[in-house]
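**Student:**
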Amino acid sequence: MSERPLILVTNDDGIHAKGIHELVEVVQLFGEVVVIAPEVAMSGMSNAITSDKPLRVQKLSEDPRLTVYKCSGTPVDCVKIAFNHLLDRTPDYVVSGINHGSNSSISVIYSGTMGAAVEGCLHGVPSIGFSLLDFSQDADFSKAKIFAARIFQAVMDNSLPKYTCLNVNVPTGSPKGIKFCRQASGKWVEEFDKRIDPHNRSYFWLSGSFINFEEEAKDTDIYALEKNYVSVVPVKVDMTCYETLDSLKNWKF
1 MSERPLILVT NDDGIHAKGI HELVEVVQLF GEVVVIAPEV AMSGMSNAIT SDKPLRVQKL
61 SEDPRLTVYK CSGTPVDCVK IAFNHLLDRT PDYVVSGINH GSNSSISVIY SGTMGAAVEG
121 CLHGVPSIGF SLLDFSQDAD FSKAKIFAAR IFQAVMDNSL PKYTCLNVNV PTGSPKGIKF
181 CRQASGKWVE EFDKRIDPHN RSYFWLSGSF INFEEEAKDT DIYALEKNYV SVVPVKVDMT
241 CYETLDSLKN WKF
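Oh and the sequence shown: position 236 is 236 in the numbering used here, straight run, nothing missing.
#1: Grouping DSSP H, G and I as helix and E and B as strand, with all else coil, what is Pro-171?
#2: Given a threshold of 16 other Cβ atoms within 10 Å of its Cβ, counted over all protein chains shown, does Met-1 qualify as buried or as exposed?
#3: Please determine, among Tyr-110, Trp-205, Lys-143, the residue with the shortest C-alpha to C-alpha distance to Ile-178.
#4: Give the secondary structure of Pro-161 by DSSP, where H, G and I count as helix, E and B as strand, and everything else as coil.
#5: Evaluate Phe-204 with the Cβ neighbour count: other Cβ atoms within 10 Å of its Cβ, from every protein chain shown; 16 or more gives buried, anything less gives exposed.
#6: Rounded to whole angstroms, what is the Cα-Cα separation between Glu-62 and Cys-71?
#7: Taking Cβ positions, are Val-232 and Leu-166 nearer each other than 7 Å?
#8: Measure the C-alpha to C-alpha separation of Val-155 and Pro-161 and round it to an integer number of angstroms.
#9: Can you grab the Cα-Cα spacing for the pair Cys-78 / Phe-253, in whole Å?
#10: To test your reading of the DSSP string, which unbroken alpha helix (DSSP H) runs of 4 or more residues are found completely within the region 81-106?
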């Protein structure tokens, strides 16, 4: 009798976030689950790793089908230490999330959720990052869980190319379906609110807004989400700009 698939689960909102517990409920339907997540929220950590202080890992619970750890490091730290120390075999899948808030468009490069998914696919393991467009701590994940199960099953049936993962974003409410699309071109315009603390020292609080550079495009994740569809974007590790590479070959030195 073959082993059930081993599924590694992590996130960037921290081990106590509602989203990761909802995702565990989904993937437990498909296999044995090991959870390792940051002990505190690590949003916006992207692919950051900890190199200047020790990592601490604590096992929180264990039963035959679900083992849970918390880690003092980043989402990528969690994946790395799982592959290199905690797991007795390479996981069959890595899933990250369900994130509280969108990771569409350019947010993918800042996201700790997607940083963990990218790290998983760097190990040659099919990996998925899931996000729900709701930042509230008690967000309703019921519809997101349905689509997460459908997409996870599709990845099991079809696999993914090596060094490619999926960035899945789910709108709130009742999504109409799933759209495979590309990442929208856009950027965050940051604003730093300068404040003064009780000791008369200045500090800054980050805020800002997103600008979509291609509002008319109908093949992007932003468009799909605005039309109430779940967006699924394949993300690859290779960041080489091949068009520019070809032009650079004509440079004279």
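Virtual Cβ for every residue (Gly too), placed ideally from N, Cα, C.
**Tutor:** On the basis of the supplied data:
#1: coil
#2: Because Met-1 sits at a pLDDT of 39, beneath the cut-off of 50, its placement in the model cannot be relied upon, and the following sentence gives the value as read from the coordinates. With fewer than 16 Cβ atoms within 10 Å of its Cβ, Met-1 is classed as exposed.
#3: Lys-143
#4: coil
#5: exposed
#6: 16 Å
#7: yes
#8: 10 Å
#9: 45 Å
#10: none
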